[in-house]
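For the record, the sequence lines run as chains A and B.
Just so we're aligned, residue 1 is where the first sequence starts under the numbering used here, counting upward by one.
Just so we're aligned, residue 1001 is where the second sequence starts under the numbering used here, counting upward by one.
What follows is a short report on a single structure.
2 protein chains.
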Amino acid sequence: MSKLVIVGTVAFDAIETPFGKTDKILGGAGTFIGLAASQFEIDPAVVSIVGGDFPQEYLDLMNERNINTSGIEMVRDGKTFFWSGRYHNDMNSRDTLATELNVLAEFNPVVPDGYRDAEVVMLGNLHPSTQMSVLEQMTSKPKLVVLDTMNFWMDSALDELHKTIKHVDVITINDEEARQLTNEYSLVVAAKKIEQMGPKYVVIKKGEHGALLFHNDNIFYAPALPLKEVFDPTGAGDTFAGGFVGYLAKTRNYSFENMKNAVIYGSTLASFCVERFGTERMINLEAEEVRKRLQDFKNLTQFEIELT
Amino acid sequence: MSKLVIVGTVAFDAIETPFGKTDKILGGAGTFIGLAASQFEIDPAVVSIVGGDFPQEYLDLMNERNINTSGIEMVRDGKTFFWSGRYHNDMNSRDTLATELNVLAEFNPVVPDGYRDAEVVMLGNLHPSTQMSVLEQMTSKPKLVVLDTMNFWMDSALDELHKTIKHVDVITINDEEARQLTNEYSLVVAAKKIEQMGPKYVVIKKGEHGALLFHNDNIFYAPALPLKEVFDPTGAGDTFAGGFVGYLAKTRNYSFENMKNAVIYGSTLASFCVERFGTERMINLEAEEVRKRLQDFKNLTQFEIELT
Chain A
1 MSKLVIVGTV
11 AFDAIETPFG
21 KTDKILGGAG
31 TFIGLAASQF
41 EIDPAVVSIV
51 GGDFPQEYLD
61 LMNERNINTS
71 GIEMVRDGKT
81 FFWSGRYHND
91 MNSRDTLATE
101 LNVLAEFNPV
111 VPDGYRDAEV
121 VMLGNLHPST
131 QMSVLEQMTS
141 KPKLVVLDTM
151 NFWMDSALDE
161 LHKTIKHVDV
171 ITINDEEARQ
181 LTNEYSLVVA
191 AKKIEQMGPK
201 YVVIKKGEHG
211 ALLFHNDNIF
221 YAPALPLKEV
231 FDPTGAGDTF
241 AGGFVGYLAK
251 TRNYSFENMK
261 NAVIYGSTLA
271 SFCVERFGTE
281 RMINLEAEEV
291 RKRLQDFKNL
301 TQFEIELT
Chain B
1001 MSKLVIVGTV
1011 AFDAIETPFG
1021 KTDKILGGAG
1031 TFIGLAASQF
1041 EIDPAVVSIV
1051 GGDFPQEYLD
1061 LMNERNINTS
1071 GIEMVRDGKT
1081 FFWSGRYHND
1091 MNSRDTLATE
1101 LNVLAEFNPV
1111 VPDGYRDAEV
1121 VMLGNLHPST
1131 QMSVLEQMTS
1141 KPKLVVLDTM
1151 NFWMDSALDE
1161 LHKTIKHVDV
1171 ITINDEEARQ
1181 LTNEYSLVVA
1191 AKKIEQMGPK
1201 YVVIKKGEHG
1211 ALLFHNDNIF
1221 YAPALPLKEV
1231 FDPTGAGDTF
1241 AGGFVGYLAK
1251 TRNYSFENMK
1261 NAVIYGSTLA
1271 SFCVERFGTE
1281 RMINLEAEEV
1291 RKRLQDFKNL
1301 TQFEIELT
């Protein structure tokens, strides 16, 4: 089984949407990526940091899904990273109500010995130097490195970001961030420019408008599944990334053609994530549900025009 | 060959985009729909009205493409409908600089005798009572009636709009207008509500984010082709509609499955329309270019996941 190293936050979230609000619940990019990736027969490990307030049951929950948590450092006298946000009615924008870095401020990721030869590395949204330090710990060159980032790092650590993305195969980024990083409005032009910065593949996430995969002159597009309601978008992007890397790690085929399938798996899993608060839906997701929804994606996008 | 009746404006447009500006050029929904539909082996007729200032060469241009123009009334001492607009940098919004209705203010469409038994009727964006009067002239029930509308009529003629859409099979509408018509944010829920108003099929156009086709619990999605630059979006929605009805008229198959193909053809033709000012690209479009771009759409959207 392919090993997959995931570095990312493991956190508490408190979320308000028009449908309700939560107390502190399980969240964090590393968590969402791990839960999505664990849908595939692979050997994933999450590298992160939590405080003494982090419940053992959450670690158990990950372990039960074959997610290795030996790389999650626990700082007994520290507090777990906490994020709180409120979504607006359209669910496309949100206010951050609180960000308490806590133990994350001192995060120096350590990849467990048994995972330093992993085939696939997923660098969740963190300081680009933190992401780089994970790559430096790998004893053999990974077959695939995927990096997620956001505008915050473009504003505060652009040089480090440029340095790190030179070393990755795939970058996932949202549309506004792609425009910010390149000063180009056209996503086609922006993707070309990002490819020149290092990543051979560029995934541009457009939220409810789907995701685009770019590679040289090839483009693939996966829509988001149109839903009657989006209950809570938190974690959808990370779930997308987890499905993407999980599928690639399982199939061990890192071609553009197979990345198309990976994008579809990512979109499929993300469509579940938003149906409930936080990780709730992902924790209770059955393989048969995923299979059915892949069929929905086929029905949504596949057509029969024969070209002669 | 299937007959297709198209009612819509034939007009002069003056357009400003970040790439340049035009004097008065050929425009109008009826024109764009007709040019797109004429890509298919069908017998289309445009029903419209123009002034004495409308050049014969524009009518010749339509006739050369087998578009019947006997239903375009010419008011010798009147002036042709004129619209002028300026697009913003993102091309997704525009300011209307001038709207001179001129002869359009007195438009009473008359469907030519030879087309009153047409299989397909495309009601371009006009007052809903004007659209209705076209349906009332049909001597046999069309196999397919498609209606396009916009927020202006929801604001100014909502009762008439509700009356007219009871009689159509397909409505094409943009996302914001679908939300306005139904008071629902979710497009899935909005489409359901619109289906209850009459149309069995609902096409929601999302501009650069593609188009959705709804029918009962079925949804199909066609992206817009990602382009390096959008030169002029004018007429893209009408070109989409023209490709949609043209393909359906040619194939005479009005099933949901075939409408998927029609949506892809509509998106394909619209992707050409935006490459030049006004009708310029559509007038010079070759069948081989369309075939190649359909292949681009396949590459963009088709994937190979096998479900067991």
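All C-beta atoms, glycine included, are put in the ideal place defined by N, C-alpha and C.
- Contact between LYS1163 (chain B) and MET1138 (chain B) does not hold, since the beta-carbon distance rounds to 16 Å and is not under 8 Å.
- Using a 10 angstroms sphere on the CB of ASP1169 (chain B), the tally of other CB atoms reaches 16 or more, which defines it as buried.
- Boundaries of the alpha helix (DSSP H) harbouring LEU1059 (chain B): 1056-1064, taken from the DSSP string.
- Annotated as proximal: VAL46 (chain A) and VAL10 (chain A), with beta-carbon spacing under 8 Å.
- Unbroken alpha helix (DSSP H) runs of no fewer than 4 residues, entirely contained in the segment 134-194 of chain A, are found at 151-156, 158-165, 175-182, following chain order.
- ARG1065 (chain B) has its alpha-carbon roughly 8 Å from the corresponding atom of LEU1035 (chain B).
- When the beta-carbon positions are compared, VAL1134 (chain B) and VAL1007 (chain B) come within less than 8 Å of each other.
- DSSP places VAL1046 (chain B) in the strand class (E or B) of the three-state scheme.
- Secondary structure note for SER271 (chain A): its alpha helix (DSSP H) is the uninterrupted segment 256-273.
- Taking C-beta separations shorter than 6 Å and ignoring five residues to either side along the sequence, the partners of GLU100 (chain A) in its chain run PHE82, following chain order.
- Think of a sphere of 7 Å around the beta carbon of THR301 (chain A): the chain B residues whose beta carbon falls inside it are TYR1221, THR1301, in chain order.
- At a C-beta separation below 7 Å, ILE1194 (chain B) has no neighbours in chain A, since its nearest C-beta there lies roughly 14 Å away.
- ASP1232 (chain B) has a beta carbon lying at 8 Å or more from every beta carbon in chain A.
- Contact check for GLY1210 (chain B) against SER1267 (chain B) passes: the beta carbons are separated by less than 8 Å.
- When the Cα atoms are used, GLY52 (chain A) and GLU73 (chain A) turn out to be separated by approximately 10 Å.
- With distances taken between CA atoms, GLY235 (chain A) lies nearest to A:MET91 out of A:VAL5, A:MET91, A:SER2, A:PRO55.
- When only Cα atoms are considered, THR80 (chain A) and GLY1085 (chain B) end up about 54 Å apart.
- The alpha-carbon of GLU136 (chain A) is positioned some 10 Å away from that of HIS167 (chain A).
- LYS1143 (chain B) is positioned such that its CB atom lies no closer than 8 Å to that of VAL1111 (chain B).
- A Cβ-Cβ contact shorter than 8 Å links ASN125 (chain A) with MET150 (chain A).
- Across the set A:LEU161, A:TYR58, A:SER48, the C-alpha of A:SER48 shows the shortest separation from the C-alpha of GLU106 (chain A).
- Of B:LEU1026, B:ARG1076, B:MET1259, the smallest CA-CA separation from GLU1057 (chain B) is found for B:LEU1026.
- In summary, PRO55 (chain A) is exposed, with fewer than 16 beta-carbon neighbours lying within 10 Å of its beta-carbon over all protein chains present.
- A distance below 8 Å between beta-carbons, with the five flanking residues on each side excluded, links PHE231 (chain A) to the following residues of its chain, in chain order: THR17, PHE19, VAL274, GLU275, ARG276, PHE277.
- For the C-beta of ASN151 (chain A), not a single chain B residue is nearer than 9 Å; the gap to the nearest is close to 18 Å.
- Non-local beta-carbon contacts of GLU257 (chain A) in its own chain, meaning distances under 8 Å to residues more than five positions away in sequence, are absent.
- At a cut-off of 8 Å between C-beta atoms, LYS1260 (chain B) counts as an interface residue with respect to chain A.
- Taking the Cα positions, SER1093 (chain B) is about 51 Å away from SER70 (chain A).
- Between SER1186 (chain B) and LYS206 (chain A), the CB-CB gap reaches or exceeds 8 Å.
- Using a Cβ-Cβ cut-off of 8 Å, PRO226 (chain A) counts as an interface residue toward chain B, since at least one Cβ of chain B sits closer than that to its own.
- By the neighbour-count criterion, in which a residue is buried when 16 or more other Cβ atoms sit within 10 angstroms of its Cβ, LYS1292 (chain B) is exposed.
- With respect to chain B, the C-beta atom of ILE264 (chain A) has a partner C-beta closer than 8 Å.
- Taking PRO1223 (chain B) as the centre and dropping the five residues before and after it, the same chain places the C-beta of GLY1210 closer than 6 Å to its C-beta, in chain order.
- Identification of chain B residues near LEU212 (chain A) by a Cβ-Cβ cut-off of 8 Å yields PRO1226, ordered along the chain.
- For a Cβ distance threshold of 7 Å, residue set PRO1226 of chain B lies close to LEU187 (chain A), ordered along the chain.
- ALA1157 (chain B) and THR1130 (chain B) have their C-alpha atoms roughly 11 Å apart.
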